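To start, the structure under review is shown below, and the notes come after it.
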Amino acid sequence: MEVVKMLEGKGVEVVGRFVGGAGGEIAATEFPMAFRLSLVLFLVSLPAILAQDFGKTNNVENVKVVVNGSLAVAQVDNNFVCATIDWWNHEKCDYGHCPWGNASALNLNLSHPLLAKSIQAFDQLRIRIGGSLEDQLLYDVGNLKYPCHPFRKMKGGLFGFSRGCLTMSRWDELNQFFSKTRSIITFSLNALLGRHHKGGGAWVGDWDSSNAYDFIKYTVSKRYQIDSWEFGNELSGSGVEASVGAGQYGRDLIKLKSIINHLYNESVPKPALMAPGGFFDQSWFTRLLQVSGSGTVDIISQHLYNLGAGVDPTLVKKILDPHYLDRAYGSFHDLEQTVKKNGPWASIWVGESGGAYNSGGRNVSDTYVNSFWYLDQLGMSAKYNTRVYCRQSLVGGNYGLLNRTSFVPNPDYYSALLWHRLMGQGVLSANNNGSADLRTYAHCTRGRAGITLLLINLSNETNFIVNIANVLDTDLGAQAGNVSKESYFKRGLKRTVSWVGRKALDEAIYREEYHLTPKDGDVKSKTMVLNGAPLEITKDGNIPELEPTRVDMKAPLRIAPLSIKFVVLPFFDAQACL
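Under the working numbering, the first residue of the sequence shown is numbered 2, with each subsequent residue one higher.
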């Protein structure tokens with residue numbers, strides 16, 4: 002009777018009489034076939050009706066998300082998620098704290114089982130080795146002209162440090178580890194060797210390539226697999242501590258490309274050449290591409306720290322402000338257009354991004370709330386053909402994906418792992434008509450049919466009820482009218498369950514949901530919760546399984562305040578994903 006009252010309240014005329022069936026199910030008696038077909042359609046749409054009623058209460062908003070699966074708007078690399086290993090050591094301190102410990106590539110504990118397991122969970126994780134100190138790093142091979150010692154604090158040195166040195170025994174250890182974990186490696190080379198400091202931050206003169214030549218030659222002789230060689234760190238534009246003119250940089254890249262071609266003369270394919278690994282400056286990047294010329298630079302890389310200083314007390318406020326997050330669109334758009342115009346042969350990477358600079362925000366960058374920024378960055382950058390996004394860092398600083406001593410994953414690690422496993426290469430348009438607090442991104446699902454939708458709710462009070470529509474649904478009603486009653490019924494059902502697209506509905510259809518929330522509702526918690534279960538290392542020391550909740554497609558899709566949800570729609574009709 003409650004259903005009858007609700008129907009009448011909605012203006013639906015109820016004909017006949019309902020009686021309670023076995024198990025409390027509603028049964029219809031003595032109704033003609035046409036009514037029963039209408040009844041089935043109504044019951045399918047009942048969740049939407051209830052959602053509309055629910056939507057009238059406070060702090061609930063109904064949102065329609067339209068996904069265009071007919072054409073990909075961009076493409077990302079199959080290994081889009083990337084993490085960095087830096088050279089900073091225990092003496093690197095910011096704002097009275099020293100958060101790096103033994104996280105340097107020179108002394109990272111490669112034998113810790115959890116470090117290997119955390120990387121292996123990705124089934125090939127991209128790792129970029131580089132950072133601020135790389136342009137003072139020597140390689141202990143060949144005729145090295147300088148003494149080989151670790152980085153140490155030094156007054157007057159770049160970033161307050163002396164030169165450092167990578168021994169070939171340590172390089173061997175690193176490569177054994179990379180082989181064991183099946184990592185895909187980018188190594189960033191010292192681009193300042195041979196230059197001299199002119200004044201201010203400017204460095205001039207030709208690059209001395211001899212040490213890099215010997216190092217690459219050794220790497221080739223050992224058959225170590227390097228996916229790409231990068232040249233320099235944050236030397237573009239006005240630089241950070243140091244800068245090199247774009248013309249000089251371009252000429253040096255031509256020299257490095259020649260070295261790679263020579264030393265890898267029998268390799269197919271050869272490692273890619275990436276540059277400049279710095280902050281985007283349009284005129285500088287344009288000049289670099291013009292001077293280096295067609296085919297020299299394979300990858301143009303930029304760095305991003307759009308949240309500002311790690312000490313900023315408003316970091317959380319920035320992360321949860323959709324209008325602040327939107328400011329990053331300009332960097333992605335402008336670089337895409339610059340490369341399209343001046344270097345269409347090159348792909349685009351974010352070579353390093355940690356959100357907040359100077360080692361990240363203490364008790365922010367390593368907590369649940371940072372995933373709002375991180376996943377939004379992944380989604381946003383992908384829409385502008387950013388092929389790879391490297392997170393600073395895998396270990397070290399306040400922004401490490403892993404704890405620097407225990408290697409226990411921080412919340413962003415699980416966000417990265419879910420993205421890697423669910424979000425495929427095809428980037429789709431996903432637009433919503435609701436609040437800016439709801440961020441929506443869609444990709445072809447990785448490795449299987451359908452799409453995966455990423456929903457990010459930045460609001461601390463609004464529950465969103467999301468109706469996912471396929472842009473193809475607008476064409477459903479335009480088909481020819483001479484069809485049987487059965488096929489007309491099925492098409493009506495497809496329109497009712499709009500987000501399925503045009504797949505058959507003869508059996509129950511489910512979606513998969515991965516709902517991320519913080520432990521105890523604290524957005525600064527260091528424990529991520531997946532579908533109500535805290536994500537913690539298992540008793541036998543393994544990364545936990547990331548299992549979805551299977552939900553009937555007809556059930557309303559809700560996203561709670563300050564939560565994140567990946568939604569896999571295996572039957573969504575997306576021609577771009579075939």
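All residues carry an ideal CB built from backbone N, CA and C; glycine is no exception.
Predicted, not measured: the structure shown is a model, and the values here were computed from it.
Going by Cα to Cα distance, which pick from 335, 308 and 518 is closest to residue 412? Closest by alpha carbon: 518.
Here's a check: name, in chain order, each residue in its chain whose Cβ is nearer than 7 Å to the Cβ of residue 218, leaving out the five neighbours to either side. Taken in chain order, the residues that qualify are 264.
Counting only the same chain and skipping the five closest in sequence on each side, list residues whose C-beta sits under 7 Å from that of residue 156. For residue 156, where only same-chain residues beyond five positions count, there are no Cβ hits under 7 Å.
Ends of the beta strand (DSSP E) at residue 511? 511–519 is the extent of the beta strand (DSSP E) around residue 511.
Those runs of the alpha helix (DSSP H) which lie wholly inside the region 291–321 and span at least 4 residues: Within the region 291–321, the complete alpha helix (DSSP H) segments of 4 residues or longer fall at 316–320, listed in chain order.
Output needed for residue 580: all residues of its chain with C-beta closer than 6 Å, excluding positions within five of it in sequence on either side, in chain order. Because residue 580 is not part of the residues shown, which for the chain are 2 to 579, the question remains open.
Measuring CA to CA, which of 448, 402 and 106 is closest to residue 90? The residue with the shortest Cα to Cα distance from residue 90 is 106.
Compute the distance between the beta-carbons of residue 395 and residue 186, then report whether it is under 8 Å. Going by beta carbons, residue 395 and residue 186 fall outside the 8 Å limit.
Using a Cβ-Cβ cut-off of 7 Å (strictly less than) and excluding sequence neighbours within five positions of residue 152, which residues of its own chain qualify? Its chain contains 88, 90, 134, 162, 163 and 165 as the residues whose beta carbon lies nearer than 7 Å to that of residue 152, once the 5 sequence neighbours on both sides are disregarded; these appear in chain order.
Cβ of residue 132 within 8 Å of Cβ of residue 85? In this structure, the beta-carbon distance from residue 132 to residue 85 falls below 8 Å.
Start-end ranges of the alpha helix (DSSP H) lying completely within the region 340–403, minimum 4 residues: Secondary structure remark: continuous alpha helix (DSSP H) runs of at least 4 residues inside the region 340–403, in chain order: 371–383.
First through last residue of the alpha helix (DSSP H) which encompasses residue 176: Here the alpha helix (DSSP H) through residue 176 covers 169–182.
How many whole angstroms separate the CB atoms of residue 292 and residue 251, which I take to be in contact at a CB cut-off of 8 Å? Sure, about 3 Å apart at Cβ, within 8 Å.
Report back the beta-carbon spacing between residue 431 and residue 442 to the nearest angstrom; my notes put them in contact at under 8 Å. Contact holds; Cβ gap of about 6 Å.
Does residue 390 pass the burial test, meaning 16 or more other C-beta atoms within 10 Å, or should it be called exposed? It counts as buried.
Any idea if residue 285 is buried or exposed, counting beta-carbon neighbours within 10 angstroms, 16 or more meaning buried? Under the 10 Å beta carbon count, residue 285 is surrounded by 16 or more other beta carbons and is classified as buried.
Option nearest residue 581 by Cα separation, candidates 146, 176, 76 and 66: Only positions 2 to 579 of the chain appear in this structure, which leaves residue 581 out of reach.
Which two residues bound the contiguous beta strand (DSSP E) that contains residue 425? Its beta strand (DSSP E) spans residues 424–433.
Leaving out five residues before and five after residue 325 in sequence, what residues of the same chain have Cβ atoms less than 7 Å from its Cβ? Once the five neighbours on either side are set aside, the close Cβ partners of residue 325 are 319.
Just mark residue 453 as buried or exposed, buried being the case when its beta carbon has 16 or more other beta carbons within 10 Å. With 16 or more Cβ atoms within 10 Å of its Cβ, residue 453 is classed as buried.
Shortest alpha-carbon distance to residue 64 belongs to which of 508, 254 and 433? Closest option to residue 64, judged by alpha-carbon separation, among 508, 254 and 433: 433.
On the criterion of 16 or more Cβ atoms from any shown chain inside 10 Å, does residue 224 qualify as buried, or is it exposed? Sixteen is the threshold: since fewer than 16 other Cβ atoms of the shown chains lie within 10 Å of the Cβ of residue 224, the residue is exposed.
Who pairs with residue 83 in a beta bridge, going by DSSP? Beta-bridge pairing links residue 83 to 127 and 391.
What are the start and end residues of the alpha helix (DSSP H) that includes residue 463? Taken as a continuous stretch (DSSP letters only), residue 463 belongs to no alpha helix (DSSP H), as it is neither H nor E.
8 Å Cβ shell around residue 530 - same chain, five flanking residues per side excluded: The answer, listed in chain order, is 517, 518, 519, 520 and 536.
Go ahead and pull the three-state DSSP assignment for residue 220. In the three-state DSSP reduction, residue 220 falls in the helix class (H, G or I).
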